[in-house]
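Novice: Count along the sequence shown from 1, then add 41; that gives the number in the working numbering. Just so you know, even glycine gets a beta-carbon here, dropped at the ideal spot from N, CA and C.
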Amino acid sequence: MRVRIGFVMISIAAAGGLALSAVQIRPGEVAVVRRFGRVLGEPWGPGLHFALPLGIDRLDRIRIDEIRRVEVGMPESAEDPDDAAGLLSAPPGSGEYLTGDGNFVRARLVAQYRVADPSAFLFASTDRDRLLERLVESITTRVIAQKQVDVLLQGGRAEVAAAVAAEFRDRAERGRLGIEVLGVSLTEVRPPLEVQSEFAEAQSAASRRDRRIQEAAGEAALRLERGRAAATTLVQAARARAARRSALARAEADSFGALAARLGPNRAEAVRRIHGEAVRELLSRVGRKVMGDADVVDLGLSAESSIAVPPPPGTK
């Protein structure tokens, strides 16, 4: 009986010990296990695990599927540009950064990250949130200090956010913070409330300047295109005239060559025959009557007539 009772007690104690040592890790989280203060290998993933009781094993649960945020700059309550009360209620100097040209801007920046190395993340600092916030704040201050105020207020947010993200990622890796930087967004940039109207007027003037520059560039491009088209037309016309003149010159050269071939050895007879042909060609154009020095001579000739035409003066 005593043996049976002892066995039952041992069984109950074992069952109680198992119940106390059973650990359920939920999906999306891991547990970093420290036994007597020393980290045991890889963290425990989702599922049922058994840890040594009585404080021998210490578990730190960390969610690795959670998207975490670090927010720096002016408070979210002051992000509405029409909420002057919210802007004035923010702490003095909250979210103010000095730019590279000596101006001040108020900005708000949000960095997103997730845990990539649970063990490194757990032991990075006793106040991890504060550490990351100060790290992002210092990086943001340095990046904005390298930019001109006009760049920040006129479309330079993406450039600043990319620079902050790159440096944040590098610092986190070198510092073994155990995080993966997912992205950084510069959600708000504006001048201090006291000089907002002046900055607005300056931006308006800059916009007008840029618009005029674009209009002038467009007009210059249009005129340049028209000039090129006119030049192309002139070049093509000149080439056509040159081609016609070249063809005419070649034709005249060919005619002269043929004429020279027709002259042959009997130059006088050839000149007389050519002269007669020229006279017949001329008479066919001017009509049937030709006025001479004394009388009117009827020269009713046809192209087929074989009249003997006197040689021109100066020929034999």
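With DSSP run on the structure shown, which of helix, strand or coil describes Val49?
Specialist: Taking the first residue of the sequence shown as 1, we reach residue 49 at position 8. At Val49 the pLDDT is 47, less than 50, meaning the model places this residue with poor confidence; the figure from the coordinates comes in the next sentence. Val49: helix per DSSP, three-state reduction.
Novice: With DSSP as the reference, label Ile105 as helix, strand or coil.
Specialist: Taking the sequence shown and counting its residues from 1, the one referred to as residue 105 is at position 64. If DSSP states are grouped into helix, strand and coil, Ile105 belongs with coil.
Novice: In or out: Pro232 buried (at least 16 other Cβ within 10 Å) or exposed?
Specialist: Mapped onto the sequence shown, residue 232 falls at position 191. Under this definition Pro232 is a buried residue.
Novice: Going by DSSP, what residue range makes up the beta strand (DSSP E) through Arg215?
Specialist: Here residue 215 refers to the residue found at position 174 of the sequence shown. Element bounds for Arg215: not the beta strand (DSSP E) but the alpha helix (DSSP H), Arg198 to Arg215.
Novice: Rank Val225, Val146, Ala165 and Gly136 by C-alpha distance to the C-alpha of Arg215 and give the top, closest one.
Specialist: Counting from one through the sequence shown, the residue named residue 215 turns up at place 174. Taking only the C-alpha atoms, the option nearest Arg215 is Ala165.
Novice: Pull up the distance between the alpha-carbon of Arg99 and that of Arg79, whole angstroms please.
Specialist: Your numbering for residue 99 matches position 58 in the sequence shown. Your numbering for residue 79 matches position 38 in the sequence shown. Roughly 10 Å separates the two Cα atoms.
Novice: Is Val190 closer than 9 Å to Thr140 when the C-beta atoms are compared?
Specialist: As a working mapping, residue 140 is identified with position 99 in the sequence shown. As a working mapping, residue 190 is identified with position 149 in the sequence shown. Taking 9 Å as the Cβ cut-off, Thr140 and Val190 qualify as a contacting pair.
Novice: Please report how far the alpha carbon of Val146 lies from the alpha carbon of Val177, in whole angstroms.
Specialist: Taking the first residue of the sequence shown as 1, we reach residue 146 at position 105. Taking the first residue of the sequence shown as 1, we reach residue 177 at position 136. Each residue's Cα considered, the two are about 17 Å apart.
Novice: Which two residues bound the contiguous beta strand (DSSP E) that contains Ile220?
Specialist: As a position in the sequence shown, residue 220 is number 179, starting the count at 1. Ile220 to Arg231 is the span of the beta strand (DSSP E), which, as asked, contains Ile220.
Novice: What did DSSP end up calling Glu256 once you bin it into helix, strand or coil?
Specialist: By one-based count along the sequence shown, residue 256 stands at place 215. Three-state result, Glu256: helix.
Novice: What do you reckon, are the CB atoms on Phe209 and Ile254 nearer than 9 Å?
Specialist: The count along the sequence shown starts at 1 and reaches residue 209 at position 168. The count along the sequence shown starts at 1 and reaches residue 254 at position 213. No. Outside cutoff.
Novice: Could you pull the start and end residues of the beta strand (DSSP E) that Ala36 belongs to?
Specialist: The question about residue 36 has no answer here: the residues shown for the chain are numbered 42 through 357.
Novice: If you compare alpha carbons, which of Gln244, Arg104, Ala203 and Glu256 is closest to Val225?
Specialist: For this step, residue 225 is matched to residue 184 along the sequence shown. Taking only the C-alpha atoms, the option nearest Val225 is Ala203.
Novice: Apply the 10 Å Cβ neighbour rule to Pro87 and answer buried if 16 or more other Cβ atoms are within range, or exposed otherwise.
Specialist: Residue 87 sits at position 46 when you count from the first residue of the sequence shown. Classification for Pro87: exposed.
Novice: When you compare only the Cα positions, how much space is there between Gln277 and Gly259?
Specialist: Locating residue 277 in the sequence shown gives position 236, where the first residue counts as 1. Locating residue 259 in the sequence shown gives position 218, where the first residue counts as 1. So the alpha carbons of these two residues sit roughly 27 Å apart.
Novice: In whole angstroms, what separates the C-alpha of Asp168 from that of Glu112?
Specialist: Counting from 1 along the sequence shown, the entry for residue 168 is found at position 127. Counting from 1 along the sequence shown, the entry for residue 112 is found at position 71. One C-alpha to the other measures close to 15 Å.
Novice: Who are the Cβ neighbours of Ala161 in its own chain at under 6 Å, not counting the five residues just before and after it?
Specialist: Start at 1 with the first residue of the sequence shown, and residue 161 comes out as number 120. Excluding residues within five positions, the ones whose Cβ falls inside 6 Å are Arg217 and Gly219.
Novice: So, for Glu221: in the same chain, excluding its five sequence neighbours on each side, which residues have a beta-carbon less than 7 Å away from its beta-carbon?
Specialist: In the sequence shown, counting from the first residue as 1, residue 221 sits at position 180. Closer than 7 Å at the Cβ level, and outside the excluded window around Glu221, lie Tyr154, Arg155 and Ala157.
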